[in-house]
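Colleague: Per full-length UniProt numbering, the sequence shown starts with residue 1, numbered consecutively. Here you go, one structure.
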Amino acid sequence: MERTGLDMDRRRRLVITADDFGYDPATNDLVLALIRGGFVTSTTVLAVSEELHPRQLALLQHLADAGLCTIGLHFATTSDRNRSGWRPLSAQGRALTEADGRLPTGGTTAERRATSRIIGAELAAQYSRLDEYGLRPTRLDSHSGTLYGLRAHSDQNKPLREGIRFAAEHDLALRMPRSVRLVVGPITPPQISRPHAAAVESADHHGVRLPAEMATNPFPYPFIRGYRSLLAYYLRLLPKLPAGTTEIFLHPGSDSPASRHRFGGSWIKRIWEARMLRDPIWRAALKTQNIELVTTW
1 MERTGLDMDR RRRLVITADD FGYDPATNDL VLALIRGGFV TSTTVLAVSE ELHPRQLALL
61 QHLADAGLCT IGLHFATTSD RNRSGWRPLS AQGRALTEAD GRLPTGGTTA ERRATSRIIG
121 AELAAQYSRL DEYGLRPTRL DSHSGTLYGL RAHSDQNKPL REGIRFAAEH DLALRMPRSV
181 RLVVGPITPP QISRPHAAAV ESADHHGVRL PAEMATNPFP YPFIRGYRSL LAYYLRLLPK
241 LPAGTTEIFL HPGSDSPASR HRFGGSWIKR IWEARMLRDP IWRAALKTQN IELVTTW
């Protein structure tokens, strides 16, 4: 029987994203394997990374051209604590840095230093870097969430405005959900609900595509009792997904001695997430829930 338009509207679609392509070479290979296997349907690339290699980038774009994934710009104005740090790609972006020329590790620091001019210039530079690498991103999101401006609440510091403008200019979808129920909970505090509603209205005005919801496991690994606990968290998410397209984003990491040594104990959560994506229990749950995997919203 042919589906009606109403039936189509009730379908639940899911983009499964592996964030942080470029974090380290072994993880890049892992993400490529996950895409080839159909375990993830998109990835986001750190343009500021020094670990982006031509062979891996060419294969990533090949997989995207084959319709197996989409590529996002993982816009970064911070560095991670467990690595040496990244540098901005624009002259204006240097205003964000610490004395050593690296981006700060604190999201609040990055947001307080940012202005519309800085964010606009750095967005353009990071997007251009992916273009130089031969990548064609179709989405925009934010490493550590600094593009959303949730930490620094100054009227003069609204990086998301620049993000929406930039997404519209380059026809990019944006990782900002229409509903924050899955990431915030059923009761949204006014300091989040008001700017979120205004941002959704602005995105709609500019024709920027948004997912219905987005979700991830927000807990650092010391607060997760083990792999089974992580898996159970994501399994509980699936029945909550609404009609339309939701994104679940994770940070799968390679289980190699080099990665464990380089990035420390927190890396275990990334190893668990990589394991979960291939777990037959997770794969069966997606089928049982009748969730369709897609590459974009």
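Beta carbons: idealized from backbone N, C-alpha and C, even for Gly. Since this is a predicted model, take the numbers as computed values, not measurements.
(1) Scan the region 121-159 and note each continuous alpha helix (DSSP H) run of 4 residues or more that stays entirely inside, going in chain order.
(2) Is it true that the CB of V31 sits closer than 7 Å to the CB of F39?
(3) In three-state terms, what does DSSP make of T78?
(4) Is the distance from the Cβ of A173 to the Cβ of R209 below 7 Å?
(5) Could you tell me which of I119, H206, S84, S79 sits nearest to S144, measuring between CA atoms?
(6) Assuming the contact rule is C-beta atoms closer than 8 Å, D19 and F166 should be a hit. Round their C-beta distance to whole Å, please.
(7) Roughly how many angstroms separate the alpha carbons of I192 and P159, rounded to a whole number?
(8) Which residues in the same chain have their Cβ closer than 7 Å to the Cβ of T188, if we skip the five residues on either side of it in sequence?
(9) What separation, rounded to the nearest whole angstrom, lies between the Cα atoms of T27 and L130?
(10) When burial is assigned at 16 or more other CB atoms within 10 Å of the CB, is A203 buried or exposed?
(11) Compare the Cα-Cα distances from L293 to each of Y23, E98, T70 and report the closest residue.
(12) Where does the unbroken beta strand (DSSP E) through A215 begin, and where does it stop?
(13) Under the DSSP definition of a beta bridge, which residues are partnered with R13?
Modeller: Short version:
(1) none
(2) Position 39 of the sequence shown holds residue 39. Position 31 of the sequence shown holds residue 31. Not a contact, by the Cβ cut-off of 7 Å.
(3) Within the sequence shown, the letter at position 78 stands for residue 78. Secondary structure of T78 (DSSP, three-state): coil.
(4) As a first step, residue 173 is located in the sequence shown; it is residue number 173 there, counting from the start. As a first step, residue 209 is located in the sequence shown; it is residue number 209 there, counting from the start. In this structure, R209 lies closer than 7 Å to A173 by Cβ.
(5) For the purposes of this step, residue 144 is taken as the residue at position 144 of the sequence shown. Ranking the options by Cα distance to S144, first place goes to S79.
(6) Taking the sequence shown and counting its residues from 1, the one referred to as residue 19 is at position 19. Taking the sequence shown and counting its residues from 1, the one referred to as residue 166 is at position 166. So it is not a contact: roughly 19 Å between Cβ atoms.
(7) The residue given as residue 192 occupies position 192 in the sequence shown. The residue given as residue 159 occupies position 159 in the sequence shown. Roughly 15 Å between the two C-alpha positions.
(8) Indexing the sequence shown from 1 puts residue 188 at position 188. Excluding positions up to five away in sequence, the list reads V180.
(9) In the sequence shown, counting from the first residue as 1, residue 27 sits at position 27. In the sequence shown, counting from the first residue as 1, residue 130 sits at position 130. Answer to the nearest angstrom: the Cα atoms are 18 Å apart.
(10) Translated into the one-based positions of the sequence shown, residue 203 becomes position 203. Per the 10 Å Cβ criterion, buried.
(11) Locating residue 293 in the sequence shown gives position 293, where the first residue counts as 1. For L293, the closest alpha carbon among the candidates Y23, E98, T70 is that of T70.
(12) For the purposes of this step, residue 215 is identified with residue 215 of the sequence shown, where counting begins at 1. Here the beta strand (DSSP E) through A215 covers 213-215.
(13) Sequence index remark: in the sequence shown, residue 13 carries index 13 (1-based). In DSSP, R13 forms a bridge with T245, E292.
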